[in-house]
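Under my numbering, residues 79 to 134 are what the sequence shown spells out, in order. Notes to accompany the following structure.
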Amino acid sequence: MEKVDTKTSSWIKTPQKIRKLGGALFADFRYETVFIYHNGADSYYSTRGFRASAKV
């Protein structure tokens with residue numbers, strides 16, 4: 079797989095059970111390693127943009 083974003087955090091698909099409780103998952107790629115974190119969705123999504131991909 080191609081490395082796309084190695085400098086910022088990205089939100090990742092969060093299970094509905096966690097979202098219903100107000101949580102969110104996000105990840106970073108640092109030191110050739112993927113790190114996954116959790117936080118309240120409001121605090122994470124309020125300062126982040128949206129990234130998407132479209133397959134044609």
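Note that the Cβ used here is the ideal one computed from N, Cα and C, for glycine as well.
In or out: residue i buried (at least 16 other Cβ within 10 Å) or exposed?
| i | result |
| --- | --- |
| F113 | exposed |
State the start and end residues of the unbroken beta strand (DSSP E) segment that holds residue i.
| i | result |
| --- | --- |
| S87 | Element bounds for S87: n/a, residue is neither H nor E. |
| Y115 | T111 to G118 |
Residue i lies in the alpha helix (DSSP H); which residues open and close that run?
| i | result |
| --- | --- |
| K95 | Q94 to K98 |
Are the beta-carbon atoms of residue i and residue j separated by less than 7 Å?
| i | j | result |
| --- | --- | --- |
| T84 | F104 | no |
Note down the Cα distance separating residue i from residue j, rounded to an integer number of angstroms.
| i | j | result |
| --- | --- | --- |
| P93 | T86 | 22 Å |
| Y115 | V134 | 31 Å |
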